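Numbering (UniProt numbering), first residue to last: 1 to 213.
Right under this line is the structure:
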């Protein structure tokens, strides 16, 4: 079972309440990320509600996960600004893919608002990538991370097509990236949902640009 504390949520809520106290550099008109510098409380509450409901679902299931997908030894602030945008776009792309998987009616309803918010954020980030750094290549540090996220999404895509990846079998490529744990689609879903506040912190860092240190 994965467990995350409330510290990321408190940090995001504090940022939302104190946002007006911090100077903000104007972003290019073609790249509107300023609204993600200090996320509004009702969006954070919707994500928190979804996360808590998912945790309750996991308690009732036999899912036993120890995923390392979102574990890393570096901070988002260590990346260049274009790298940060590329990182969060990939994280949100995986998260939104997980949030459209088949689910119980109650959870399917709860996730609708967070899904809409995260999808919009992903599209805004893609707009920034296309207009500000269309030819940017990820740093070596980020490249391996992106490969992990892309492989995880590929795994889910294969499972949705009934190709058997949702069980215990993994291709050599996936086994190498996720070794020693053989991730199931369910565990990848759990990792993406339970680490959403980490992703939202990354989103805020990308929106703050050089102010994120």
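From the three backbone atoms N, C-alpha and C, an ideal C-beta is built for every residue, glycine too. Keep in mind it's a predicted model, so treat the numbers as computed, not measured.
Fill in: DSSP three-state assignment for residue 80, whether helix, strand or coil
Residue 80: coil per DSSP, three-state reduction.
Discussion item. If you measure between the beta carbons of residue 67 and residue 187, is that distance less than 8 Å?
Written reply: In contact: residue 67 and residue 187 (Cβ atoms closer than 8 Å).
Worksheet entry | Chain-order list of residues whose beta-carbon lies under 7 Å from that of residue 126 (same chain, five-residue window excluded) | If you ignore the 5 residues before and after residue 126, its C-beta comes within less than 7 Å of the C-beta of 89, all in its own chain and listed in chain order.
Worksheet entry | Per-residue burial, residue 214 [other beta carbons within 10 Å of its own, 16 or more giving buried] | The displayed coordinates of the chain run from 1 to 213. Any statement about residue 214 would go beyond what the structure contains.
Worksheet item: Taking only runs of the beta strand (DSSP E) that begin and end inside the stretch 53-104, which ones reach a length of at least 3 residues, in chain order?
Response: Within the stretch 53-104, not a single complete beta strand (DSSP E) segment reaches 3 residues in length.
Fill in: Top-ranked residue by Cα proximity to residue 148, from 93, 197, 100
With distances taken between Cα atoms, residue 148 lies closest to 93.
Item to complete: Whole angstroms is fine: what's the gap from residue 54's alpha carbon to residue 47's?
Response: CA-to-CA, the gap between residue 54 and residue 47 works out to about 11 Å.
Worksheet item: Is residue 102 buried or exposed, if buried means 16 or more other CB atoms sit within 10 Å of its CB?
Response: Exposed, because fewer than 16 other Cβ atoms sit within 10 Å of the Cβ of residue 102.
Worksheet item: Relative to the alpha-carbon of residue 150, which residue among 128, 87, 129 has its alpha-carbon at the smallest distance?
Response: Among 128, 87, 129, the Cα nearest to that of residue 150 belongs to 87.
Worksheet entry | Where the alpha helix (DSSP H) containing residue 189 begins and where it ends | Here the alpha helix (DSSP H) through residue 189 covers 185-194.
Fill in: Distance between residue 199 and residue 77 (C-alpha atoms, nearest Å)
Spanning the alpha carbons of residue 77 and residue 199 requires a straight line of approximately 13 Å.
Fill in: Classification of residue 210 by the beta-carbon crowding that lies within 10 angstroms, buried from 16 upward
Only exposed fits residue 210, as fewer than 16 other CB atoms lie within 10 angstroms of its CB.
Practice prompt. Would you give the residue range spanned by the alpha helix (DSSP H) that residue 114 belongs to?
Written response: 112-132 is the span of the alpha helix (DSSP H), which, as asked, contains residue 114.
Practice prompt. Leaving aside the five residues before and after residue 74 along the sequence, list all residues of the same chain whose C-beta is less than 7 Å from its C-beta, in chain order.
Written response: These residues qualify, in order along the chain: 141.
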